[in-house]
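Reviewing the structure listed below.
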Amino acid sequence: MATKKSKSSNKSAKTKSTKQGTAAKPAKKTELEASKTQTVDKKTTEKKSCFKGFFARKYEEKESILTIFKNHKFYGALLGEIIGTMLLALLLFSLSLMGIASVATYAFAIIAILIAVYAFSGACLNPLITVGMMATRRISVIRGIMYIIAEIIGAWLGWLIFNAFHLAGGETAYDVPTMSALAEGGFWLVTMIELLGAAIIAFFFARALNYKRSVFTFAAVVAGGMALAVVVGYVVSAAFLGLNNNFIFNPAVALMLQIFPTAGESFGEILGGICQALSIYALFPMIGGVVGFYLSDFTAKLSGEE
């Protein structure tokens with residue numbers, strides 16, 4: 003009797019174990035299926051959300067108006083922007099006198115300037131670049147505003163140095179014809195040249211940020227973009243529109259070139275000329291800078307670039 007009971011108990015244990023095994027197998031399958039569906043869902047969401055984080059903040063979260071002025075590195079960045087923009091202004095003033103034939107030579111000077119000041123502030127050196135960096139949230143608004151002020155100060159110092167040497171040679175004050183060319187060519191022609199050149203420079207700068215580990219590569223890409231913008235501006239303005247190469251592509255430098263009218267029949271005419279000059283050489287180049295940065299980011303997102 004004991005043996006029969008033990009056999010029956012063994013049979014019942016076997017049947018229970020087989021039932022448990024059969025019950026455990028579909029549980030494993032369901033877990034595998036769930037993991038597969040999760041991976042598929044992740045892939046589909048990744049494909050659908052290729053623009054996820056497009057407008058995300060790309061600078062340090064701690065940076066604000068309460069903390070930025072406590073960092074000594076910020077003042078070094080401002081000084082770097084002043085020095086770099088001053089050197090760039092001297093370069094552009096000289097370039098405007100020597101003509102388009104010297105663009106290739108001055109591209110090497112641009113590379114040298116960018117390499118010299120890149121470690122300080124990232125070498126924006128141009129308000130249209132700074133505005134593009136702010137619009138794409140690469141730098142904070144307070145840092146961008148302070149950079150623009152530093153760039154204007156640097157351009158002013160470059161103007162003082164260049165004009166001082168110009169006056170020391172017995173020449174009159176240095177001036178580039180701007181408003182006279184506007185009368186010949188029209189408002190929108192000059193504006194479109196500035197907008198196009200600014201978009202080219204900003205696009206190249208945004209692409210160069212991907213090579214920021216190699217400073218020389220970064221500087222070479224930015225310098226190439228600036229040289230391309232100058233060549234395009236020269237060809238379009240001189241060959242097609244007859245505007246006497248009336249482009250600047252840098253709002254900070256443009257403010258130093260006496261673009262504002264100083265005489266007019268009435269105060270309204272003078273004010274209208276000032277607004278016109280600001281829109282051509284400051285507002286629209288900054289819009290072009292934003293367009294260039296967003297065009298670079300949009301293309302990078304579509305191509306799946308991290």
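When we follow our numbering, the leftmost residue of the sequence shown carries the number 3, and every step to the right adds one. Just so you know, even glycine gets a beta-carbon here, dropped at the ideal spot from N, CA and C.
{"query": "Coarse secondary structure for Gln-278, derived from DSSP in three states", "result": "helix"}
{"query": "Residue burial classification, Cys-277 (beta-carbon count within 10 angstroms, cutoff 16)", "result": "exposed"}
{"query": "Residues near Tyr-120 in its chain [Cβ-Cβ closer than 6 angstroms; skip 5 each side]", "result": "Val-217"}
{"query": "Spatial distance of Met-136 from Ser-142 (CA atoms)", "result": "6 angstroms"}
{"query": "Which of helix, strand or coil DSSP assigns to Glu-48", "result": "Caution applies to Glu-48, whose pLDDT of 49 falls short of 50 and renders its modelled position unreliable; the value that the coordinates give is listed next. Correct three-state label for Glu-48: helix."}
{"query": "Tyr-77 burial status per 10 Å Cβ neighbour count (16 or more: buried)", "result": "exposed"}
{"query": "Residues near Ala-208 in its chain [Cβ-Cβ closer than 6 angstroms; skip 5 each side]", "result": "Phe-295 and Ser-298"}
{"query": "Beta-carbon proximity list for Ala-140, same chain, < 7 angstroms, skipping 5 on both sides", "result": "Note on identity: in this sequence residue 140 is Arg, with Ala being the wrong assignment. Excluding sequence neighbours, Arg-140 sits near Lys-60 and Tyr-61."}
{"query": "Ile-67, buried or exposed, once every other Cβ within 10 Å from all chains shown has been counted against 16", "result": "exposed"}
{"query": "Separation of Phe-95 from Asn-165, as counted between CA atoms", "result": "9 angstroms"}
{"query": "Rounded straight-line distance, which links the Cα of Ala-284 to that of Pro-129", "result": "8 angstroms"}
{"query": "Coil, strand or helix - Phe-206 by DSSP", "result": "helix"}
{"query": "Helix, strand or coil at Phe-251 according to DSSP, with G and I counted as helix", "result": "coil"}
{"query": "Beta-carbon proximity of Ala-109 to Ala-302, cut-off 8 angstroms", "result": "no"}
{"query": "Thr-69 burial status per 10 Å Cβ neighbour count (16 or more: buried)", "result": "exposed"}
{"query": "Span separating the alpha-carbon of Ala-170 from that of Ile-163", "result": "11 angstroms"}
{"query": "Nearest neighbour of Phe-57, chosen from Gly-146, Phe-206 and Gly-134 [CA to CA]", "result": "Gly-134"}
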